[in-house]
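Trainee: Going down the list, the sequences are from chains L and F.
Residue numbers for the first sequence follow full-length UniProt numbering, beginning at 1 and rising by one.
Residue numbers for the second sequence follow full-length UniProt numbering, beginning at 1 and rising by one.
We put the beta carbon where it would ideally sit given N, CA and C, even for glycine.
Just so it is clear, the structure is predicted and the values come from calculations on it, not from any experiment.
Could you have a look at this structure, given as structure tokens, before my questions?
2 protein chains.
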Amino acid sequence: MADVNFNRLHSERAGDLLASDGNGKKTGPDADHSSPPYDLIELLFFAYRDFTSDPDDVLAQFDFGRAHHRVLHFVDRNPGIMVTDLLSVLRITKQSLGRVLKQLVDEDFIEQKPGENDRRQRRLKTTEKGHSLAMRLASLQAGRLNQAMKNMSEDEKAVTRKFLFHMINPDSRVEVAKLLRSDDPALKADPDGTQLFNDQETR
Amino acid sequence: MADVNFNRLHSERAGDLLASDGNGKKTGPDADHSSPPYDLIELLFFAYRDFTSDPDDVLAQFDFGRAHHRVLHFVDRNPGIMVTDLLSVLRITKQSLGRVLKQLVDEDFIEQKPGENDRRQRRLKTTEKGHSLAMRLASLQAGRLNQAMKNMSEDEKAVTRKFLFHMINPDSRVEVAKLLRSDDPALKADPDGTQLFNDQETR
DNA sequence: AATTTACGTCAGCCATATTGACTTATTTTC
DNA sequence: GAAAATAAGTCAATATGGCTGACGTAAATT
């Protein structure tokens with residue numbers, strides 16, 4: 001709140017990184033003396049902050065947090081997923097997952113049944129109640145994304161997807177690409193997202 | 001670790017949201033029956049996860065967390081910023097900020113002096129040590145961003161910036177635009193980022 | 001039969017956020 | 001000049017969501 005005064009907050013530190021045009025482009029002949037793209041760094045911070053805030057508000061009404069959202073989302077998107085897969089996608093520990101998953105199961109948002117071939121597995125899927133909440137949360141995020149892209153051409157949307165994909169660690173891209181195309185038959189023939197994302201690097 | 005098996009995890013819930021081409025495009029004549037753009041939702045999640053992971057590793061060596069990073073970043077970028085401004089940018093409480101800011105001041109990453117006109121204010125700026133760490137962290141994020149954009153034209157980069165800007169709550173865009181252009185004289189004449197981001201909506 | 005895997009659990013720790021109430025300077029307003 | 005508003009600090013309590021390490025069990029694989 002309160003009108004914030006950001007005027008007169010100018011950097012007193014020019015010359016930190018040699019000459020730059022202020023946009024991160026090189027001005028010298030060869031070496032990369034550019035300053036960091038602060039605009040993008042900060043845009044990503046603010047964009048993600050707001051991207052998560054809508055769902056957070058809804059989740060709070062259920063006494064859930066962002067952790068529940070992530071679990072609910074990936075279970076809803078990948079019915080039959082097992083605990084090990086969730087751990088690797090979310091990159092958290094079994095204990096951390098266990099707590100939120102238990103709540104989601106206890107409160108009937110997620111149900112589980114043993115794997116048919118391997119009875120050690122817990123195959124997870126959302127209940128109707130869970131699916132409904134997942135859709136509500138996804139719709140909020142969808143609304144924001146659609147609004148942000150409403151004036152974009154298909155090509156421009158593809159550029160955005162490509163950008164986000166390339167922000168992911170190269171090591172993880174194959175796994176992510178698999179997740180993304182998991183219900184899109186048209187992408188089956190593109191195992192590592194190479195075509196999808198016009199990937200021509202890091203190989 | 002362990003090879004994860006995402007095959008055979010196909011949605012068993014077709015027909016939830018009427019017909020869709022699987023890409024979030026409308027297939028009907030007018031109403032928006034499209035399903036959420038799950039690919040973008042998940043790409044944003046993974047992109048941000050990895051975007052923050054590099055700095056996290058460095059911060060851990062100093063016994064700092066992501067909260068310290070945010071404070072350090074915005075102080076470094078806005079020398080002379082005061083506590084109230086930080087609170088509004090970071091959207092956290094005074095108590096939360098107080099703790100991490102105290103550590104950063106105690107360990108000589110940030111210094112403070114009273115405002116010249118208003119002696120209640122603490123004008124914050126990074127020390128050499130603090131600036132050095134801030135630059136190190138920014139370079140990590142810059143490296144990832146530059147790599148993600150290395151094959152992009154200037155137009156495509158502009159599209160990406162525009163996308164991120166439009167993901168921000170309309171209410172916050174003016175404030176963010178002010179922050180972004182804070183040391184870029186070329187943008188001074190564009191108070192709410194309208195030109196910069198080719199903004200033609202929400203007015 | 002031995003090993004590995006999938007999962008669960010106990011116990012404790014830490015970082016980061018929250019709310020509400022209260023204090024102290026200092027500046028602004030009437 | 002008195003009253004009100006502002007900038008900042010502080011105390012106390014609480015919640016969330018991560019973490020580590022150790023251990024246990026059932027089922028599958030070698």
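(1) In terms of residues, what are the limits of the beta strand (DSSP E) holding isoleucine 92(F)?
(2) With burial defined as no fewer than 16 other Cβ atoms inside 10 Å of the residue's Cβ, what is the status of aspartate 16(F): buried or exposed?
(3) Excluding the five sequence neighbours on either side, which residues of its own chain have a C-beta within less than 8 Å of the C-beta of glutamine 103(F), listed in chain order?
(4) Between the alpha carbons of valine 174(L) and glycine 115(F), how many angstroms are there, rounded?
(5) Beta carbons nearer than 8 Å to chain F: which residues of the segment 129-159 of chain L have them?
(6) Considering only their Cβ atoms, is the gap separating leucine 137(F) from valine 58(F) smaller than 8 Å?
(7) Are any of the Cβ atoms in chain L nearer than 8 Å to that of aspartate 39(F)?
(8) Chain L beta carbons: is any one of them nearer than 8 Å to that of glutamate 111(F)?
(9) For the candidate residues Gly80(L), Leu180(L) and Tyr38(L), whose alpha-carbon lies nearest to that of lysine 113(L)?
(10) Beta-carbon of aspartate 50(L) versus every beta-carbon of chain F: anything under 8 Å?
(11) On a Cα-Cα basis, can you pick out the residue from Ile110(L), Gly143(L) and Glu42(L) that is closest to lysine 129(L)?
(12) Along the chain, where does the beta strand (DSSP E) that runs through residue 204(L) open and close?
(13) Within its chain, find whatever has a CB closer than 6 Å to the CB of leucine 140(L); leave out the 5 residues flanking it on each side and keep chain order.
(14) Report the option in Ser88(L), Pro36(L), Phe45(L) and Lys157(L) whose CA atom is closest to the CA atom of arginine 91(F).
(15) With a threshold of 7 Å on Cβ separation, who are the neighbours of glutamine 95(L) within its own chain once the five nearest residues in sequence on each side are excluded?
(16) Under the three-state reduction of DSSP, which class applies to glutamate 111(L): helix, strand or coil?
(17) Using Cβ-Cβ distances below 7 Å, what residues of the segment 94-128 of chain L are close to chain F?
(18) Out of Ile41(F), Gln61(F) and Arg49(F), point me to the one whose CA is closest to leucine 133(F)'s CA.
(19) Does proline 55(L) get closer than 8 Å to chain F when you measure Cβ to Cβ?
(20) Please classify isoleucine 41(F): does DSSP put it in a helix, a strand, or coil?
(21) Which complete alpha helix (DSSP H) runs does the segment 38-84 of chain F hold, if anything under 4 residues is left out?
(22) With DSSP collapsed to three states, give me the class of methionine 167(F).
Mentor: The short version:
(1) Per DSSP, isoleucine 92(F) belongs to no beta strand (DSSP E) and is neither H nor E.
(2) Because the pLDDT of aspartate 16(F) is 40, which lies under 50, any placement of that residue in the model is unreliable, and the question is left without a value.
(3) Apart from the 5 residues on each side of it in sequence, glutamine 103(F) sits with its Cβ closer than 8 Å to the Cβ of Phe64 and His68 in its chain, given in chain order.
(4) Each residue's alpha carbon lies about 52 Å from the other.
(5) Within the segment 129-159 of chain L, the residues whose Cβ lies closer than 8 Å to some Cβ of chain F are His131, Met135, Ala138, Ser139, Gln141, Ala142, Arg144, Leu145, Asn146, Gln147, Ala148, Met149, Lys150, Asn151, Met152, Glu156 and Val159, listed in chain order.
(6) Yes. Within cutoff.
(7) It does; some Cβ of chain L falls within 8 Å.
(8) So, not an interface residue.
(9) Proximity to lysine 113(L) across Gly80(L), Leu180(L) and Tyr38(L) peaks at Gly80(L), based on C-alpha coordinates.
(10) So yes, aspartate 50(L) belongs to the interface.
(11) Of the candidates Ile110(L), Gly143(L) and Glu42(L), the one whose C-alpha sits nearest the C-alpha of lysine 129(L) is Ile110(L).
(12) No answer is possible for residue 204(L): it lies beyond the span of chain L, which begins at 1 and ends at 203.
(13) Within the same chain, leucine 140(L) has close Cβ partners Asp54 and Pro55.
(14) In terms of CA proximity to arginine 91(F), Phe45(L) leads the group Ser88(L), Pro36(L), Phe45(L) and Lys157(L).
(15) Cβ neighbours of glutamine 95(L) beyond the five flanking positions: none.
(16) If DSSP states are grouped into helix, strand and coil, glutamate 111(L) belongs with the strands.
(17) Going along the segment 94-128 of chain L in chain order, one finds no residue with a Cβ nearer than 7 Å to chain F.
(18) Taking only the C-alpha atoms, the option nearest leucine 133(F) is Gln61(F).
(19) Proline 55(L) does not count as touching chain F.
(20) Reduced to three states, the DSSP call for isoleucine 41(F) is helix.
(21) Under the rule that a run must span 4 or more residues, the alpha helix (DSSP H) segments found entirely inside the segment 38-84 of chain F read 38-61 and 66-77.
(22) Note: methionine 167(F) maps to helix in three-state DSSP.
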